[in-house]
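7 is the number of the first residue of the sequence shown in my numbering; add one for each residue after it.
In this text, a Cβ means the ideal position worked out from N, Cα and C, and glycines have one as well.
A short write-up of the structure that comes next.
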Amino acid sequence: MHDAAPLPAVSADTPAPRGLKAAGFTAALLAVGIVGFGIVTRDHDVARAAAWSDANAIPTVHLVPVKGGAATDTLELPATLAAWNAAHLYARVPGY
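In structure tokens, the structure reads:
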């Protein structure tokens with residue numbers, strides 16, 4: 007077996023190295039900045055897309071003037087309805 011030298015005891019009162027705290031704070035600040043930039047960019051893009059959609063969503067309507075015509079009592083259809091009256095319906099599955 008390999009005999010390792012014992013590590014020196016570290017007390018709970020020993021502060022962390024100053025450089026490590028500064029690096030951690032800088033990394034956290036950088037992460038918050040990146041997230042904030044992403045949120046602001048996304049909000050801007052959503053607002054721009056909503057404005058574009060609203061501008062293009064306005065329907066174009068062509069108006070035609072109303073002309074009065076002669077009143078007729080007859081209804082003229084392009085076909086006859088006799089086939090509907092004479093049609094027989096049969097079930098395709100026996101037993102129902």
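For residue 79, there is no enclosing alpha helix (DSSP H), since its DSSP letter is neither H nor E. Beyond the five residues adjoining it in sequence on each side, residue 32 comes within less than 7 Å, by CB distance, of no other residue in the same chain. Secondary structure of residue 37 (DSSP, three-state): helix.
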